[in-house]
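Participant: The letter at position 19 of the sequence shown is residue 19 when you use full-length UniProt numbering, and the numbering goes up by one with no holes. C-beta: ideal position from N, C-alpha, C; glycine also. Here it is, the structure in full.
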Amino acid sequence: MIKYCKEQPSSACAYFFFDSRNAESELSLHEKFIRSLILQLWHQLGRIPVALKDVYGDGPSHPQPSLAVLEAALQTIIGEFQHAYIIIDALDECADRHKLLRWVKDISRWRGGRLHILLSSRRERDIEDSLAIINELGRVSFAGGSTNPDIVKFIDESLVELKRWDYEIRRLIRGTLLEGADGSFRWVALQLKELIQCSNLRDLKQQLRKLPKGIEETYERLLLRARASKRDDLRRFLQWLAFSERPIALEELAEVVTVDLQASNRPCYDPDLRSMDVKDALTICSGFVAQFEGIIKLSHMSVKDYLLSDQIASGPAAYYQINSNQSHS
Numbered sequence: 001m002i003k004y005c006k007e008q009p010s011s012a013c014a015y016f017f018f019d020s021r022n023a024e025s026e027l028s029l030h031e032k033f034i035r036s037l038i039l040q041l042w043h044q045l046g047r048i049p050v051a052l053k054d055v056y057g058d059g060p061s062h063p064q065p066s067l068a069v070l071e072a073a074l075q076t077i078i079g080e081f082q083h084a085y086i087i088i089d090a091l092d093e094c095a096d097r098h099k100l101l102r103w104v105k106d107i108s109r110w111r112g113g114r115l116h117i118l119l120s121s122r123r124e125r126d127i128e129d130s131l132a133i134i135n136e137l138g139r140v141s142f143a144g145g146s147t148n149p150d151i152v153k154f155i156d157e158s159l160v161e162l163k164r165w166d167y168e169i170r171r172l173i174r175g176t177l178l179e180g181a182d183g184s185f186r187w188v189a190l191q192l193k194e195l196i197q198c199s200n201l202r203d204l205k206q207q208l209r210k211l212p213k214g215i216e217e218t219y220e221r222l223l224l225r226a227r228a229s230k231r232d233d234l235r236r237f238l239q240w241l242a243f244s245e246r247p248i249a250l251e252e253l254a255e256v257v258t259v260d261l262q263a264s265n266r267p268c269y270d271p272d273l274r275s276m277d278v279k280d281a282l283t284i285c286s287g288f289v290a291q292f293e294g295i296i297k298l299s300h301m302s303v304k305d306y307l308l309s310d311q312i313a314s315g316p317a318a319y320y321q322i323n324s325n326q327s328h329s
């Protein structure tokens, strides 16, 4: 889409990915989304649109515009193009999605065929109800399909690396994973990670027979497998990642455990609790986190959802349940 728009000067493309894996609000707010679209479209326009001059007036000293003013400015800027394409990823992770859904309904009433929108979201009741009234909106579901071609491709590419297993074994792995995937990339990726560690055929077949049903059971198994001496560290790492208000570097995450919460009088700092290698934090959190350019985040929104859920509270991994009030106390 970006390549197409670059070749069409009268067209523009803007996108936004909502991310609520931690409490970093800027990536989950509707107003941040609107401001980002304005900035992206402005750059592609090649000049400062009149709408922005009206909004920001004489510069930094000008009062900050309201959300309504920003939305009106965005509509005007979109009108500068013959076609504008907006991609909204993970709509369900918008912290104030009632505003976003209201905006989507509003723009669906625009006429002229200039605006084209692609939305992605998990299926949630309020989202489905809000979008159901938009007649022009087409729907494509990727949920519940074990034969999702992208999942098939991902499995096939991953199995190429398992050279120690012959064709028949790789075919067995492929078929078993496709049968249990239920449309979940995350589930498949975690099972492959486990299967790769099998050192002999009996272990592999046993692992395939006992694959967890669904992503929640997968997370439960990972938590229950944690070493007893590292349970407290794992819980604290996950708690910090779920509710951090800014990105956390690996070195910062590793430092979390240096606060002794079990000290006799009150919590205190104890440098002796610091790991000799900061990468130990990644090992402890294996399966739950992702690292990019030194920043650590929960690997998927489903991790946070599970840690906050009633399901974990009533199961054998209840020790790891977290909540907002407790995490900020």
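Could you say if the region 214-222 and the region 256-273 meet the contact criterion of at least three C-beta pairs nearer than 8 Å?
Facilitator: no
Participant: Skipping 5 residues on each side, what residues in its chain have a beta carbon closer than 8 Å to that of S275?
Facilitator: Start at 1 with the first residue of the sequence shown, and residue 275 comes out as number 275. Once the five neighbours on either side are set aside, the close Cβ partners of S275 are A254, V257, A281.
Participant: Please state if the CB of G180 and the CB of Q197 are separated by a distance shorter than 9 Å.
Facilitator: Within the sequence shown, numbered from 1, the residue matching residue 197 stands at position 197. Within the sequence shown, numbered from 1, the residue matching residue 180 stands at position 180. Their beta carbons are not under 9 Å apart, which means Q197 does not touch G180 by this criterion.
Participant: Cα-Cα, which of S20, L118, W103, A95 is closest to E71?
Facilitator: In the sequence shown, the residue the question calls residue 71 occupies position 71. Scanning S20, L118, W103, A95 for the CA closest to the CA of E71 turns up W103.
Participant: On the DSSP letters alone, give me the boundaries of the beta strand (DSSP E) that S11 sits inside.
Facilitator: Here residue 11 corresponds to residue number 11 of the sequence shown, with the count starting at 1. Residues 11-17.
Participant: What would DSSP say about H300, mapped onto helix, strand or coil?
Facilitator: One-based indexing of the sequence shown puts residue 300 at position 300. H300: coil per DSSP, three-state reduction.
Participant: Quick check on this structure: which residue in A313, R125, D182 has the alpha carbon closest to the alpha carbon of V152?
Facilitator: Position 152 of the sequence shown, counted from the first residue, corresponds to residue 152. Ranking the options by Cα distance to V152, first place goes to D182.
Participant: Below 9 Å between beta carbons: does that hold for I88 and I133?
Facilitator: For the purposes of this step, residue 88 is taken as residue 88 along the sequence shown, with counting starting at 1. For the purposes of this step, residue 133 is taken as residue 133 along the sequence shown, with counting starting at 1. No, these two residues do not count as a Cβ contact at 9 Å.
Participant: Would you mind sorting R97 into buried or exposed? The rule is 16 or more other CB atoms within 10 Å of its CB.
Facilitator: The residue given as residue 97 occupies position 97 in the sequence shown. The residue is buried, with at least 16 neighbouring Cβ atoms inside 10 Å.
Participant: Would you mind working out which of P247, G214, V303 sits nearest I296, comparing C-alpha positions?
Facilitator: Here the question's residue 296 lines up with position 296 in the sequence shown. Nearest of P247, G214, V303 to I296, Cα basis: P247.
Participant: If you reduce the DSSP assignment to three classes, tell me which class H116 lands in.
Facilitator: Locating residue 116 in the sequence shown gives position 116, where the first residue counts as 1. H116: strand per DSSP, three-state reduction.
Participant: Where do the ends of the alpha helix (DSSP H) carrying Q44 lie?
Facilitator: As a position in the sequence shown, residue 44 is number 44, starting the count at 1. Unbroken alpha helix (DSSP H) run through Q44: 30-45.
Participant: Helix, strand or coil, according to DSSP, for D150 in the structure here?
Facilitator: In the sequence shown, the residue the question calls residue 150 occupies position 150. Helix at D150.
Participant: Whose C-beta lies closer than 6 Å to the C-beta of V303 among residues of the same chain, with five residues either side of it excluded?
Facilitator: As a first step, residue 303 must be located in the sequence shown, where it is residue number 303. Result list for V303: F288, in chain order.
Participant: So V140 is in the beta strand (DSSP E); what residue range does that whole segment cover?
Facilitator: By one-based count along the sequence shown, residue 140 stands at place 140. From DSSP, V140 is part of no beta strand (DSSP E); its letter is neither H nor E.
Participant: Can you tell me whether DSSP reads A84 as helix, strand or coil?
Facilitator: For this step, residue 84 is matched to residue 84 along the sequence shown. Reduced to three states, the DSSP call for A84 is strand.
Participant: Residue range of the alpha helix (DSSP H) that V104 falls in?
Facilitator: The residue labelled residue 104 in the question sits at position 104 within the sequence shown. V104 -> alpha helix (DSSP H) spans 97-107.
Participant: Quick test of your reading: I284 and K205, contact by CB under 8 Å. State the CB separation rounded to the nearest angstrom.
Facilitator: As a working note, residue 284 is residue 284 in the sequence shown. As a working note, residue 205 is residue 205 in the sequence shown. Their Cβ separation, rounded to whole angstroms, is 29 Å, which puts I284 and K205 out of contact at 8 Å.
Participant: Please report how far the alpha carbon of I38 lies from the alpha carbon of A290, in whole angstroms.
Facilitator: On the sequence shown, residue 38 is found 38 positions in, with the first residue counted as 1. On the sequence shown, residue 290 is found 290 positions in, with the first residue counted as 1. Put simply, the backbone Cα of I38 is about 30 Å away from that of A290.
Participant: Let's test the definition: count the other Cβ atoms within 10 Å of the Cβ of D54 and tell me whether it reaches 16, buried, or not, exposed.
Facilitator: Position 54 of the sequence shown, counted from the first residue, corresponds to residue 54. With fewer than 16 other Cβ atoms within 10 Å, it is exposed.
Participant: Can you tell me where the beta strand (DSSP E) with Q291 in it begins and where it stops?
Facilitator: Indexing the sequence shown from 1 puts residue 291 at position 291. Looking at the DSSP string, the run of the beta strand (DSSP E) that includes Q291 is 289-292.
Participant: List the residues that DSSP assigns as beta-bridge partners of V259.
Facilitator: To locate residue 259, count along the sequence shown from 1; it is residue 259. Beta-bridge pairing links V259 to Y269.
Participant: When you compare only the Cα positions, how much space is there between D305 and K99?
Facilitator: The residue you call residue 305 lines up with position 305 of the sequence shown. The residue you call residue 99 lines up with position 99 of the sequence shown. Approximately 22 Å, taken between the alpha carbons.
Participant: What are the boundary residues of the alpha helix (DSSP H) that includes residue 343?
Facilitator: As shown, the chain starts at 1 and ends at 329. That puts residue 343 outside it, with no answer to give.
Participant: When you compare the CB positions of S20 and E93, do they come within less than 9 Å of one another, or not?
Facilitator: By 1-based counting over the sequence shown, the position of residue 20 is 20. By 1-based counting over the sequence shown, the position of residue 93 is 93. The answer is yes: Cβ separation under 9 Å.
Participant: Which of the three DSSP states is assigned to D156 in this structure?
Facilitator: Within the sequence shown, the letter at position 156 stands for residue 156. Helix, per DSSP.
Participant: In the structure shown, what three-state DSSP assignment does D233 receive?
Facilitator: Position 233 of the sequence shown, counted from the start, is the residue given in the question as residue 233. The answer is helix: DSSP assigns D233 an H, G or I state.
Participant: Using 8 Å for Cβ pairs, my map puts L159 next to R174. What's the rounded Cβ distance?
Facilitator: The count along the sequence shown starts at 1 and reaches residue 159 at position 159. The count along the sequence shown starts at 1 and reaches residue 174 at position 174. Going by Cβ atoms, the distance from L159 to R174 rounds to 6 Å, so yes, they are a contact pair.
Participant: Just how far apart, CA to CA, sit A249 and G294?
Facilitator: Within the sequence shown, numbered from 1, the residue matching residue 249 stands at position 249. Within the sequence shown, numbered from 1, the residue matching residue 294 stands at position 294. The alpha-carbon atoms of A249 and G294 are separated by roughly 6 Å.
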